[in-house]
Amino acid sequence: MGKVTQVNEEAVLADIERQLVDEFPHIPSNVVDALIREEHARFTHSRVRDFVPLFVEKHTREELRHRSN
1200 MGKVTQVNEE AVLADIERQL VDEFPHIPSN VVDALIREEH ARFTHSRVRD
1250 FVPLFVEKHT REELRHRSN
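With this note's numbering applied, the sequence shown covers 1200 to 1268.
Rendered as structure tokens:
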């Protein structure tokens, strides 16, 4: 992954984390961060990076909803 792509992806993931922390205030931010990192790690070897943040957000949100019930 190129440096610019990595920096952009990290910025998008930080935005996603802020959104999810706001959306799920009862779940500690360190848990949200850990879930995002875990999901992001699943895509480490993906060559096409365009949709990685979208998939990370989707899967993390699903897990947070599951934990909220």
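Each residue gets a CB set at the ideal place from its N, CA and C atoms; glycine is no exception.
Remember, predicted model here, so these are calculated numbers, not experimental data.
Nearest-angstrom Cα distance between residue i and residue j?
{"i": "L1263", "j": "R1246", "result": "27 Å"}
{"i": "L1219", "j": "P1252", "result": "13 Å"}
{"i": "S1228", "j": "L1234", "result": "10 Å"}
{"i": "R1260", "j": "E1208", "result": "18 Å"}
{"i": "F1250", "j": "N1268", "result": "28 Å"}
{"i": "H1225", "j": "R1236", "result": "19 Å"}
Closest by CA to residue i, which one among the options?
{"i": "V1230", "options": "F1242, R1217 and R1241", "result": "R1217"}
{"i": "E1256", "options": "P1224, N1207, D1214 and T1243", "result": "D1214"}
{"i": "H1265", "options": "F1254, A1210 and F1223", "result": "F1223"}
Using 6 Å as the cut-off, classify the Cβ of residue i as near or not near the heavy atoms of the ligand GTP, replying yes or no.
{"i": "S1245", "result": "Because no ligand of any kind appears in the structure shown, any question about the ligand GTP cannot be addressed here."}
Identify, in the order they occur along the chain, each residue of the same chain with its Cβ nearer than 6 Å to the Cβ of residue i, setting aside the five sequence neighbours on each side.
{"i": "H1239", "result": "V1255"}
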